[in-house]
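The sequence shown begins at 1334 in the working numbering and counts up one residue at a time.
We put the beta carbon where it would ideally sit given N, CA and C, even for glycine.
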Amino acid sequence: MRLLLDTHVLLALIEGRKGGLPAAVEALLKDADNEHHLSAASLWEIAIKWRLGKLRLTPKLSALPELLHGLGIQIVPINEHHALAAADPEPATRDPFDRMLLAQCQIEKLKLVTLDRGLHGHRFR
């Protein structure tokens, strides 16, 4: 299965807080048959929050791409198709980062791994 990790799932992984994730999410992450992807939008969101002092990271911000590569997580770049896609059904969230993740899932045929209740109808079950 091709999975797109939401930002908070990624942060749990890189900060060693996987134990705080639900068992179903942990099982998805441990399953060697699953492909793990992360949106460039999530990296952008992390960088913004880090620069505003709203997020602390153990690894250096500049080390994230190499760290993700080492974890086998593939980065999904943002392209024009993602930018123009509208999530169906319309999500409850107005967060532009969440909306980009939904668009990428739709276009790239990915399943979103998230705990965000605002994305309830769109996440992997």
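(message) Taking the alpha helix (DSSP H) that Glu1413 belongs to, which residues open and close that run?
(response) 1413–1417
(request) Have a look at Thr1340 and Ala1373 and give me their C-alpha separation to the nearest angstrom. (result) 10 Å
(request) Report the rounded CA-to-CA distance for Val1342 versus Leu1371, giving the unit in angstroms. (result) 10 Å
(request) Could you please give the first and the last residue of the uninterrupted beta strand (DSSP E) stretch that includes Ser1375? (result) Element bounds for Ser1375: not the beta strand (DSSP E) but the alpha helix (DSSP H), 1373–1384.
(message) Would Val1446 and Leu1376 qualify as a contact pair, given that the criterion is a beta-carbon distance under 7 Å?
(response) no
(request) Could you say which of Arg1350, Leu1336, Thr1426 lies nearest to Asp1366 if we only look at CA atoms? (result) Leu1336
(message) Taking 7 Å as the threshold (C-beta atoms), are Leu1397 and Trp1383 in contact?
(response) no
(request) Please report how far the alpha carbon of Ile1440 lies from the alpha carbon of Leu1390, in whole angstroms. (result) Here the alpha carbons of Leu1390 and Ile1440 stand approximately 30 Å from one another.
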